[in-house]
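Participant: Have a look at this one before I ask anything.
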Amino acid sequence: MVKTTMTGHARDGTSEVSSETITQPSNSVYASNIAESHTLQITQHKLNGTNYLDWFQSVLLIIHSKGRLGYLTEDSQKPTATEHGYLTWESENSMVMVWLVNSMEPKTRWNYLSYKTLKEIWDTAKVMYSDLGNVSQLFELQSELKEKKQGDSMVTNYYNTLISLWQELDLFDDNTRACPDCSIRYIKKLEKERLFAFLHGLNKDLNEVHECSLGTKPLPGIQDVFSKVRWEESRKRVMHKTSKDPCYKTLLLSQNIVVQPLESNVQIMERSVQILVSSV
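The sequence shown begins at 88 in my numbering and counts up by one.
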């Protein structure tokens with residue numbers, strides 16, 4: 088829809104007409120926004136007062152993917168009523184508010200229906216349900232992270248547990264940096280500490296990857312180290328199963344591979360593979 092206004096006066100007192108054209112969203116845009124608001128289910132994690140972290144992460148991801156993150160961070164400033172884009176801003180802000188409110192349990196959402204902006208809803212939910220002022224919860228998180236070890240878990244499960252705890256811990260980090268360089272140094276320090284924590288909790292049979300990672304310069308990221316550790320775990324598991332296969336012993340005899348005293352199954356397997364490969 089195009090709105091034209093008539094303004095101005097001539098110096099001699101007669102009317103001077105000028106037109107100012109303001110482009111506003113058409114009815115089809117509003118209809119599309121309304122339809123999207125009511126049909127989009129942005130998360131299966133409905134905020135109920137006890138699952139704030141899961142809700143926070145899933146909602147943030149969806150809103151970011153839809154290109155509406157600026158309404159949460161206030162990077163998308165609200166225009167004045169006479170500025171171009173005012174109606175578009177109001178429409179999109181309302182649309183994302185509907186997404187957010189619909190992602191809450193019925194008993195929770197009624198508290199937020201009177202808010203005017205998405206940012207108000209987002210900040211209020213954080214204050215009410217994040218428990219960021221709960222020192223006991225912070226202590227429990229720190230304690231659990233300190234004691235976390237791989238144990239009987241697969242490396243993937245152990246790693247995912249650490250990531251989940253770190254993400255929850257990050258919500259408590261209200262440490263603001265005065266300069267970008269300070270923030271970068273802080274993040275690098277945090278990444279190094281978390282890499283050390285991950286390696287420290289690994290089982291001893293993965294020490295070889297542990298030592299190799301720490302000896303690499305520059306120090307690799309935790310994702311790269313996790314990938315190598317997971318590969319090594321998988322390799323050891325396959326070799327262990329193969330060494331117990333009756334056909335494997337027959338293969339050793341057929342290739343005249345002699346088992347040395349005190350030689351482990353893993354060493355036998357590695358040596359036999361080398362011999363078989365070299366004989367091809």
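Every residue gets a Cβ at the ideal spot worked out from N, C-alpha and C, and that includes glycine.
If you check the beta carbons only, do H132 and S152 fall under 8 Å apart?
Facilitator: Position 45 of the sequence shown, counted from the start, is the residue given in the question as residue 132. Position 65 of the sequence shown, counted from the start, is the residue given in the question as residue 152. Contact flag unset, no.
Participant: Can you round the beta-carbon distance between Y158 and L200 to whole angstroms, since I take them to be within the 8 Å contact cut?
Facilitator: As a working mapping, residue 158 is identified with position 71 in the sequence shown. As a working mapping, residue 200 is identified with position 113 in the sequence shown. Not really, about 17 Å apart at Cβ, beyond 8 Å.
Participant: Is it buried or exposed, E179, if we count other Cβ atoms within 10 angstroms and call 16 or more buried?
Facilitator: On the sequence shown, position 92 is the one that residue 179 refers to. Buried is the call here.
Participant: Starting from L148, follow its DSSP beta bridges and name the residues at the other end.
Facilitator: Residue 148 sits at position 61 when you count from the first residue of the sequence shown. None, per the DSSP bridge assignment.
Participant: Give a yes or no on whether the C-beta atoms belonging to T130 and W142 are separated by under 8 Å.
Facilitator: As a working mapping, residue 130 is identified with position 43 in the sequence shown. As a working mapping, residue 142 is identified with position 55 in the sequence shown. The Cβ atoms of T130 and W142 lie closer than 8 Å to each other.
Participant: Taking Cβ to Cβ, would you say L282 is nearer than 8 Å to V316?
Facilitator: For the purposes of this step, residue 282 is taken as residue 195 along the sequence shown, with counting starting at 1. For the purposes of this step, residue 316 is taken as residue 229 along the sequence shown, with counting starting at 1. No, the pair does not count as a contact, with Cβ atoms beyond the cut-off.
Participant: Determine which residues share a DSSP beta bridge with L134 and list them.
Facilitator: Here residue 134 corresponds to residue number 47 of the sequence shown, with the count starting at 1. Note: L134 sits in a beta bridge opposite M191.
Participant: Run the CB neighbour count on A168, radius 10 Å, all protein chains shown included, and call it buried at 16 or more, exposed below.
Facilitator: Within the sequence shown, numbered from 1, the residue matching residue 168 stands at position 81. Answer is exposed; the Cβ neighbour count stays below 16.
Participant: Is the region 233-245 in contact with the region 268-281, if contact means three or more CB pairs nearer than 8 Å?
Facilitator: no
Participant: Going by other Cβ atoms of all chains shown within 10 Å of its Cβ, with 16 needed for buried, is G302 buried or exposed?
Facilitator: Position 215 of the sequence shown, counting from 1, holds the residue named residue 302. It counts as exposed.
Participant: Let me confirm a value: L286 is counted as buried when at least 16 other C-beta atoms fall within 10 Å, else exposed. Which label applies?
Facilitator: For this step, residue 286 is matched to residue 199 along the sequence shown. With 16 or more Cβ atoms within 10 Å of its Cβ, L286 is classed as buried.
Participant: Return helix, strand or coil for T243, following the three-state DSSP convention.
Facilitator: Counting from 1 along the sequence shown, the entry for residue 243 is found at position 156. Correct three-state label for T243: helix.
Participant: Using a Cβ distance threshold of 8 Å, determine whether the region 317-324 contacts the region 289-304, with at least three qualifying pairs required.
Facilitator: yes
Participant: I need the straight-line Cα distance from V214 to K203, nearest angstrom please.
Facilitator: Walking along the sequence shown from the start, residue 214 turns up at place 127. Walking along the sequence shown from the start, residue 203 turns up at place 116. Going by the C-alpha atoms only, they are around 17 Å apart.
Participant: If the criterion is Cβ atoms closer than 8 Å, does the pair L134 and S190 meet it?
Facilitator: To locate residue 134, count along the sequence shown from 1; it is residue 47. To locate residue 190, count along the sequence shown from 1; it is residue 103. Yes; because the gap between Cβ atoms is below 8 Å, this pair is in contact.
Participant: Leaving out five residues before and five after V188 in sequence, what residues of the same chain have Cβ atoms less than 8 Å from its Cβ?
Facilitator: As a working note, residue 188 is residue 101 in the sequence shown. The answer, listed in chain order, is R196, Y199, L200, I208.
Participant: Assign H287 to one of three DSSP states: helix, strand, or coil.
Facilitator: By one-based count along the sequence shown, residue 287 stands at place 200. Three-state result, H287: helix.
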